[in-house]
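K.L.:
In this note's numbering, the protein residues as written are 363 to 489.
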């Protein structure tokens, strides 16, 4: 196993470099957990890890300094979101006459909820 800090060769069963003392595993940039060198994702939080050899010798990424050892701050993540707004004729009277837990199920059956793990329906009316 090659140390990502100094580039020295180490045995596969070692956890720390014999030359510089750096950890030979991959540190998760999100939660700071030490992972095996072959890991592609953090075993604790699922964050993607840099593959071995992605970081040049002498440079290594560390978790952000939070002032507390072993504690890192959450990393922001941008995600694409698709949102569909629909004005359904007669929906307000329909929803008022039914159980609040029944309405999302009925809307989903009618195709109102595409691929979603949950359907949030804030009950508001324009009129």
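Beta carbons: idealized from backbone N, C-alpha and C, even for Gly.
Quantities reported herein were computed from a predicted structural model and do not represent experimental measurements.
1) Using three-state DSSP, classify residue 492 as helix, strand or coil.
2) Applying the criterion that 16 or more other CB atoms from any shown protein chain within 10 Å of the CB defines a buried residue, is residue 470 buried or exposed?
3) In angstroms with no decimal places, state the Cα-to-Cα distance between residue 333 and residue 386.
4) Roughly how many angstroms lie between the CA atoms of residue 472 and residue 450, to the nearest whole one?
5) In or out: residue 406 buried (at least 16 other Cβ within 10 Å) or exposed?
6) Look at the Cβ atom of residue 382, then the Cβ atom of residue 404, and state whether they are nearer than 7 angstroms.
7) With H, G and I counted as helix, E and B as strand and the rest as coil, what does DSSP make of residue 396?
8) Please go through the same chain and pick out, in chain order, the residues whose beta-carbon is closer than 8 angstroms to the beta-carbon of residue 401, but skip the five residues on each side of it.
9) If you count every other CB in all the chains shown that lies within 10 Å of the CB of residue 399, and 16 or more means buried, which is it?
10) Classify residue 439 as helix, strand or coil using the three-state DSSP reduction.
P.N.:
Put simply:
1) Because the chain here runs from 363 to 489, residue 492 falls outside it and cannot be looked at.
2) By the neighbour-count criterion, in which 16 or more other beta carbons inside 10 Å mark a residue as buried, residue 470 falls on the exposed side.
3) Residue coverage of the chain in this structure runs from 363 to 489, which leaves residue 333 outside it and unanswerable.
4) 12 angstroms
5) Here residue 406 is exposed. Its C-beta has fewer than 16 other C-beta atoms within 10 Å.
6) no
7) strand
8) 387, 388, 411
9) It counts as buried.
10) coil
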